[in-house]
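Single-structure report; data block below.
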Amino acid sequence: MTGPNRKRVNINWFKYASPQTFFPLAAKLTPWFGAAAALLCGAGLYIGFFVAPTDAQQGEAYRIIFIHVPAAWMAMLIYLVMAFWAGVGLVFNARLSGMWASALAPSGALMAFIALWTGALWGRPTWGTWWVWDARLTSTLILLFLYFGFMALQAAIDDPRRADKAGAVLALTGVVNIPIIYFSVQWWNTLHQGASVSLTSAPTMAATMFAGMIVMTLGFWMYSIAAALLRVRCIILERERRSDWVAHYVRTLK
Amino acid sequence: MNWASWNDFFAMGGYALYVWGSYGVTLGFMVTEIVLLMLRKRSLLGQLRRTPGARRVAP
Chain A
175 MTGPNRKRVN
185 INWFKYASPQ
195 TFFPLAAKLT
205 PWFGAAAALL
215 CGAGLYIGFF
225 VAPTDAQQGE
235 AYRIIFIHVP
245 AAWMAMLIYL
255 VMAFWAGVGL
265 VFNARLSGMW
275 ASALAPSGAL
285 MAFIALWTGA
295 LWGRPTWGTW
305 WVWDARLTST
315 LILLFLYFGF
325 MALQAAIDDP
335 RRADKAGAVL
345 ALTGVVNIPI
355 IYFSVQWWNT
365 LHQGASVSLT
375 SAPTMAATMF
385 AGMIVMTLGF
395 WMYSIAAALL
405 RVRCIILERE
415 RRSDWVAHYV
425 RTLK
Chain B
69 MNWASWNDFF
79 AMGGYALYVW
89 GSYGVTLGFM
99 VTEIVLLMLR
109 KRSLLGQLRR
119 TPGARRVAP
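Protein chains in written order, with my numbering: chain A, 175 to 428; chain B, 69 to 127.
So this is what it looks like as structure tokens:
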């Protein structure tokens, strides 16, 4: 039970929920995430090219996996985070949530594009084709278009609060595509191979290959956070440009 | 060690186009994204400095 001597620690979890208080925190965090991204990607590339062995069936072509899988995972993860913040913004009408959703979309689109691009360059030597209307490829292409649609919709609406609301509805509707991508290799037995890594069983690949993929995923994750932090700071400045605190902040620079 | 020489490394067992095409484009886009964001912030701050907050009244 709570004795008289027990100290209560009050943490204000909402302290950083406003753009004004979050802005300086974002500035402090960005270089740390950038450094973590550089270190992890460096380590992941070293493992991927110099430690992981040549694949018995695919030769060296399989080394595309070290960016293909992390990019595909991040494209899905960023979409979920984007839709989450868009939903929070829709329900609680919180300014920063909408800014986060807008800041994440281009980074997610980039990851989806990288997954498709590297997939094409991997498919050519292994499947003999750049592209095929396979379930997973098609649903990932839809993911890229969902990101583009979200960005285009927001860009088409002048009032940022209304743009946030419209974008949120689109983002939340599109969430249905994420389980479709994830389970597509089980539901439709088309060309894309099944998962080598799943939550329920041991990975079906060499430990060093698996390690390279995981370290690269963490690196891509940190990169995405750093890029989104950079972008959310720009969006905060743009949307709050008429506020006193931005005027004050600009005056204190140099 | 997987590679006998740097040439061997760059040749990627005959898959150089596919492997380096993947890594090169990925690196290019990532670097471009960061550079564009830094330029966007710089031009934004320059703009804000030239036209300080519209509502502000000089002290």
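Cβ coordinates follow ideal geometry from the N, Cα and C atoms, glycine included. Given the structure is predicted, the values throughout are model-derived calculations rather than measurements.
* Asked: In its own chain, which residues sit with a C-beta less than 7 Å from the C-beta of A:L214, not counting the 5 before and 5 after it?
  -> Counted from its first residue, the first sequence places residue 214 of chain A at position 40. Taking A:L214 as the centre and dropping the five residues before and after it, the same chain places the C-beta of V389, L392, G393 and M396 closer than 7 Å to its C-beta, in chain order.
* Asked: Is the Cβ of A:L295 closer than 8 Å to any Cβ of chain B?
  -> Here residue 295 of chain A corresponds to residue number 121 of the first sequence, with the count starting at 1. Yes - at least one Cβ of chain B is within 8 Å of the one on A:L295.
* Given that B:S90 touches chain A, what residues does it touch there, using C-beta distances under 8 Å? -> In the second sequence, counting from the first residue as 1, residue 90 of chain B sits at position 22. The answer, in chain order, is I238, I241, H242, W291, T292, L295 and W296.
* Asked: Can you name, in chain order, every residue of its own chain whose Cβ lies under 6 Å from the Cβ of B:M106, other than the five neighbours on each side?
  -> Position 38 of the second sequence, counted from the start, is the residue given in the question as residue 106 of chain B. Counting only Cβ-Cβ distances below 6 Å, and skipping sequence neighbours, we find nothing.
* **Cβ pair count under 8 Å reaching 3, the region 226 to 238 of chain A against the region 306 to 319 of chain A** => no
* Kindly indicate which residue of A:Y356, A:W296, A:W304 and A:T300 has the alpha-carbon position closest to the one of B:F90. => Residue numbering aside, residue 90 of chain B sits at position 22 when the second sequence is read from its first letter. Reading off the sequence shown, one finds Ser at residue 90 of chain B, where the question assumed Phe. The candidate whose alpha carbon is nearest that of B:S90 is A:W296.
* Listed from N- to C-terminal order along the chain, which residues in the region 200 to 211 of chain A have their beta-carbon within a distance smaller than 7 Å of any beta-carbon of chain B? -> none
* Kindly say whether B:N75, judged by its beta-carbon, lies nearer than 8 Å to any beta-carbon of chain A. => Looking up residue 75 of chain B in the second sequence gives position 7. So no, B:N75 is outside the interface.
* Could you tell me which residues DSSP pairs with A:D229 in its beta bridges? => Translated into the one-based positions of the first sequence, residue 229 of chain A becomes position 55. By DSSP's assignment, A:D229 forms a beta bridge with A:G233.
* To do: Under 6 Å Cβ to Cβ from A:D229, same chain only, skipping five residues before and after it: list those, please.
  => The sequence position of residue 229 of chain A within the first sequence is 55, counting from 1. Answer for A:D229: Y236, listed in chain order.
* To do: Would you grab the beta carbon distance between A:G263 and A:D338 for me? Rounded to a whole angstrom, and I think it's under 8 Å.
  => Numbered from 1 along the first sequence, position 89 holds the residue referred to as residue 263 of chain A. Numbered from 1 along the first sequence, position 164 holds the residue referred to as residue 338 of chain A. 5 Å between Cβ atoms; contact.
* Starting from the Cα of A:I195, find the closest Cα among A:L411, A:A209 and A:R425 and give me that residue. => Taking the first residue of the first sequence as position 1, residue 195 of chain A is located at position 21. Looking at the sequence shown, residue 195 of chain A is not Ile but Thr. A:T195 has its Cα closest to that of A:L411, out of A:L411, A:A209 and A:R425.
* Asked: Roughly how many angstroms separate the alpha carbons of A:R415 and A:L344, rounded to a whole number?
  -> As a working mapping, residue 415 of chain A is identified with position 241 in the first sequence. As a working mapping, residue 344 of chain A is identified with position 170 in the first sequence. C-alpha separation (whole angstroms): 27 Å.
* Asked: Is there contact here, the region 238 to 246 of chain A with the region 325 to 333 of chain A, by at least three beta-carbon pairs under 8 Å?
  -> no
* Counting Cβ pairs, one atom from each stretch, are 3 or more of them under 8 Å apart for the region 358 to 368 of chain A and the region 190 to 205 of chain A? -> no
* Work out the CA separation of A:M250 and A:A277 for me, nearest whole Å. => Here residue 277 of chain A is taken as the residue at index 103 of the first sequence, counted from 1. Here residue 250 of chain A is taken as the residue at index 76 of the first sequence, counted from 1. Distance between the alpha carbons of A:A277 and A:M250: 15 Å.
* Asked: Going by Cα to Cα distance, which pick from A:F223, A:W291 and A:A275 is closest to B:F97?
  -> Reading the second sequence from its first residue, position 29 is the one you call residue 97 of chain B. In terms of Cα proximity to B:F97, the closest of A:F223, A:W291 and A:A275 is A:W291.
* **Short CB-CB distance (under 8 Å) between B:L105 and chain A** => Residue mapping note: residue 105 of chain B aligns to position 37 of the second sequence, counting from 1. True, the Cβ-Cβ gap to chain A drops below 8 Å.
* Asked: In terms of residue numbering, what span does the alpha helix (DSSP H) encompassing A:F357 cover?
  -> Position 183 of the first sequence holds residue 357 of chain A. Looking at the DSSP string, the run of the alpha helix (DSSP H) that includes A:F357 is N351 to W361.
* Asked: Where does B:G114 land, buried or exposed, given buried means 16+ other C-beta within 10 angstroms?
  -> Position 46 of the second sequence, counted from the first residue, corresponds to residue 114 of chain B. That one is exposed.
* Short CB-CB distance (under 8 Å) between B:F97 and chain A -> Within the second sequence, the letter at position 29 stands for residue 97 of chain B. Yes, B:F97 lies at the interface with chain A (some Cβ there is under 8 Å from its Cβ).
* What whole-angstrom Cβ distance do A:T314 and A:A246 have, given they're in contact under 8 Å? -> Your numbering for residue 314 of chain A matches position 140 in the first sequence. Your numbering for residue 246 of chain A matches position 72 in the first sequence. The C-beta separation of A:T314 from A:A246 comes to about 7 Å, placing the pair in contact by the 8 Å criterion.
* Whether A:Y253 touches A:I352 by CB criterion (8 Å) -> Taking the first sequence and counting its residues from 1, one reaches residue 253 of chain A at position 79. Taking the first sequence and counting its residues from 1, one reaches residue 352 of chain A at position 178. Going by C-beta atoms, A:Y253 is nearer than 8 Å to A:I352.
* Which first and last residues belong to the alpha helix (DSSP H) in which A:F258 is found? -> Position 84 of the first sequence, counted from the start, is the residue given in the question as residue 258 of chain A. Element bounds for A:F258: I239 to F266.
* To do: Within its chain, find whatever has a CB closer than 8 Å to the CB of B:A72; leave out the 5 residues flanking it on each side and keep chain order.
  => Taking the second sequence and counting its residues from 1, the one referred to as residue 72 of chain B is at position 4. If we look at B:A72 and ignore the five residues flanking it on each side, it has no Cβ neighbours.
* Classification of B:A126 by the beta-carbon crowding that lies within 10 angstroms, buried from 16 upward -> By 1-based counting over the second sequence, the position of residue 126 of chain B is 58. The predicted model places B:A126 with a pLDDT of 47, which falls under 50 and marks its position as unreliable; any figure quoted below should be read in that light. Counting Cβ neighbours within 10 Å, B:A126 comes out exposed, since fewer than 16 surround it.
* Can you list, in chain order, the residues of its chain whose CB lies under 7 Å from that of A:T204, leaving out five sequence neighbours each side? -> Position 30 of the first sequence holds residue 204 of chain A. Result list for A:T204: A400, L403 and L404, in chain order.
* To do: Could you round the C-beta distance between A:L318 and A:F287 to whole angstroms and report it? I think they count as a contact, below 8 Å.
  => Translated into the one-based positions of the first sequence, residue 318 of chain A becomes position 144. Translated into the one-based positions of the first sequence, residue 287 of chain A becomes position 113. Rounded, the Cβ-Cβ distance is 6 Å, consistent with contact.
* **Reference A:A268, options A:V350, A:P334 and A:M387, closest by Cα** => For the purposes of this step, residue 268 of chain A is taken as residue 94 along the first sequence, with counting starting at 1. For the residues A:V350, A:P334 and A:M387, the minimum Cα distance to A:A268 belongs to A:P334.
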